[in-house]
Structure formats: structure tokens, C-alpha cells
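In this note's numbering, the protein residues as written are 2 to 274.
Positions of the beta carbon are idealized from the N, C-alpha and C atoms, including for glycine.
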């Protein structure tokens, strides 16, 4: 199976329904986690699974003493496995990443098993303070400046390592303000002194530009979740917006895999994790 093509097809299917996969999973608290280890799945796997809860492979279900209900269909999750390859000319050996997949079932698709980690899922008592702390801690640590102007533009300027945002009062919803702020914060992680991701030659409509925008969108959604804010009614959840991403996904089957991996690195940098 072509895993890249399969991942892209599944994301496209959701978007054709009007669902933006990188927003959907983070509405519910906790996200998708492994029933066996309690670890949260990667951002890409959150998108593929589509809902929060604990997941197991068929073998893990059996090992835990449960069983999968008849007729239930598994979901796909992916992971990178490194394999050793030898250069035919130099005979130098190196580790090469290889994308693998396996099938998992949600806990509610199984019988004889109970949730292990409900009590450990994060609750944010004051999401606005949490969001502000994420922004201030990152900016103080990395030296990024944030200013507010009474305008209609939000942007990150690499030359000055600065973010400009409209005033919070200009936004119709709290989550929209923080989603916008987190979008620009994610862009700032691409600076050459951080993750060195930004392409100086990128222009509006180019593949590099589209990929960076997708990285920022996925990163913003993950950070909004980390702050405990609701994103179900994002202003960017529009037909034109979805069509734009559908074109990018159809043009490059590796697009979503690459962007989600880079978004995860950006989020980890911002959260200091």
C-alpha cells in the first residue's frame, strides 16, 4: 500500500465533507491516546483518528483480555521506522526513515475493557490565562516581539523577528484571537535561528507558501487545544478555505505528512516540551 496516498485520501475524504481534520480532533479534551502507554498520538495521527479516546491494536485488545465487537472497522495510524541502508558507491551505512502503519480500534469498539487515563486528561480552569502564558513564555524565551495595531492584518516579519496582531477587541470570539496569534507564533518557529524552515523565495500560491501556511494552521489548532479553547466554529472553516487545501493535497501526496511533522516540531518548541 502507498501509505502517503492512503493518508492523503483519508484527509481529503474528511475535507470533502466540510470537516477540517486538523481542527476536529482538538475539540474534545485529551485527544487520541494509546490505551497501553497513555501517550498522546502525533498530530498527524490525531487527524487520521478524528476523535479523542484510547486506542489499541487487535493484538493489544486480546492481551488486555478484551475483544473487538463484530463488524467494527479499524483506523490507521502511522509511525516512522528507521532502517539501515548502504550507499552503493561509498558503502557508507546510514539510517533512513521509513513510514509504516498499523491498525487500531477505539476503546468503545471493544468489549471487556475500561478506560485507563480519563482522570489524567488535562483540564484548563482558565484558558485565556493559559493561552497568554504560552505566548509570553515562548516570546520571552525566544526573543520574539508581539505588537498590536488597529488594523486588519496579522503577520510575522522574519527580518525583525516580530509578530503584529489586531487588538483583541477586534475579534468576534476569544478563540479566534488566540488562533490567529498561535498561527503567527508557529510561523516564527521557522526563523533561521530556530527550526530554519522559512523559504525566502516563497510567494503567494507557491507550494512552499502553501505548505508553510498549513504548518501554521495545524500548529495553531494544536496550541488552541493546549490552551483549552474551543475551535469548532473557526472563521477559516469555509468552503473556499477547504477547496484551497484540497488542491494542495491532491497535487502532492506527501504534503500533509510533511506539514504535520513540521507543525509538531513547531508546537513542541513553542510549548518548550
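Handout entry: Bridge partners - residue 54, DSSP secondary structure assignment
Key = 33
Problem - Inter-residue Cα distance where the pair is residue 162 and residue 186 - result: 10 Å
Exercise for the section: Express the C-alpha separation of residue 148 and residue 37 in angstroms, rounding to a whole number. Expected result: 44 Å
Exercise for the section: Using a threshold of 7 Å, state whether the C-beta atoms of residue 101 and residue 82 are closer than that. Expected result: yes
Handout entry: Cα-Cα separation, residue 176 to residue 168
Key = 13 Å
Exercise for the section: Report the rounded CA-to-CA distance for residue 1 versus residue 9, giving the unit in angstroms. Expected result: Coverage of the chain is limited to positions 2 through 274, which leaves residue 1 absent and any answer about it impossible.
Handout entry: One or two residues paired with residue 84 in a DSSP bridge
Key = 97
Handout entry: residue 168, DSSP secondary structure in three states
Key = coil
Exercise for the section: Mind checking which residues open and close the alpha helix (DSSP H) that includes residue 115? Expected result: Run containing residue 115: none; DSSP gives neither H nor E here.
Handout entry: Cβ neighbours of residue 113 in the same chain (closer than 7 Å, five flanking residues each side left out)
Key = 66, 67 and 68
Exercise for the section: Look up residue 363 in the DSSP assignment and say whether it is helix, strand or coil. Expected result: In the structure displayed, the chain extends from 2 to 274; residue 363 sits before or after that span and is not available.
Exercise for the section: Take residue 220 and list the residues in its own chain whose beta-carbon comes closer than 6 Å to its own, dropping the five residues that flank it on each side. Expected result: 187, 264, 267 and 268
Practice task
Determine the DSSP secondary structure at residue 145, reduced to helix, strand or coil.
Solution key: coil
Exercise for the section: Compute the distance between the beta-carbons of residue 193 and residue 145, then report whether it is under 7 Å. Expected result: no
Exercise for the section: Please list, in chain order, all residues of the same chain as residue 248 whose beta carbon is under 7 Å from its beta carbon, the five residues on each side excluded. Expected result: none
Handout entry: Opening and closing residue of the alpha helix (DSSP H) in which residue 178 lies
Key = 175-189
Exercise for the section: Please say whether residue 183 and residue 224 have beta carbons closer to each other than 7 Å? Expected result: yes
Exercise for the section: Please go through the same chain and pick out, in chain order, the residues whose beta-carbon is closer than 7 Å to the beta-carbon of residue 218, but skip the five residues on each side of it. Expected result: 23 and 184
Practice task
Spatial neighbours of residue 256 within its chain, please: CB distance less than 6 Å, with the 5 preceding and 5 following residues excluded, ordered by chain position.
Solution key: 249 and 250
Practice task
Could you tell me whether the region 91-101 touches the region 32-48, where touching means 3 or more Cβ pairs closer than 8 Å?
Solution key: no
Exercise for the section: Put residue 137 into one of helix, strand or coil per three-state DSSP. Expected result: helix
Problem - Buried/exposed call for residue 104, threshold 16 Cβ in 10 Å - result: exposed
Practice task
Report, in whole angstroms, the separation of the C-beta atoms of residue 215 and residue 260, which I expect to be a contact under 8 Å.
Solution key: 4 Å
Handout entry: CB contact flag (residue 2, residue 243, <7 Å)
Key = no
Handout entry: C-beta contact flag for residue 106 and residue 57 at 7 Å
Key = yes
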